[in-house]
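If you're matching positions, the sequence shown starts at 4 in my numbering and goes up one per residue.
See below for the structure under consideration.
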Amino acid sequence: MAYYSIEPWGEYPADMRNGILAALIANIHRKKNSRAYKPEDFMPREQDEKPKQTVAEQAAILKSIYAWAKRKGLAKKKDE
């Protein structure tokens, strides 16, 4: 445990090293007035870090699906 705090091993340190390199290359080629990239921008996220959808976002998704189905003639009418 003490050694890990000094010299961590595993996927996270490897991802951080690759993130540093990717950020370096991206920052070299970015436009002058754009935001600087960080190593975290290039690191994979954990599964539970996904942002949760709000009820409004879910409603908007359902409305767009219904509008698509209505255009295709797939939406059922209320009286059916």
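Backbone N, C-alpha and C fix where the C-beta goes; we use that ideal spot for every residue, glycine too.
What does the Cβ neighbour count give for residue i, buried or exposed, with the cut at 16 atoms within 10 Å?
i, result
"residue 26", "buried"
Within the same chain, show all residues whose beta-carbon is closer than 6 Å to that of residue i, passing over the 5 residues directly before and after it, in chain order.
i, result
"residue 46", "18 and 22"
Enumerate in chain order the residues of its own chain whose CB-to-CB distance from residue i is below 7 Å, with the five nearest sequence positions on each side excluded.
i, result
"residue 30", "39 and 40"
Go through its chain and collect everything with a Cβ distance to residue i's Cβ below 8 Å, but skip five positions before and after it.
i, result
"residue 43", "22"
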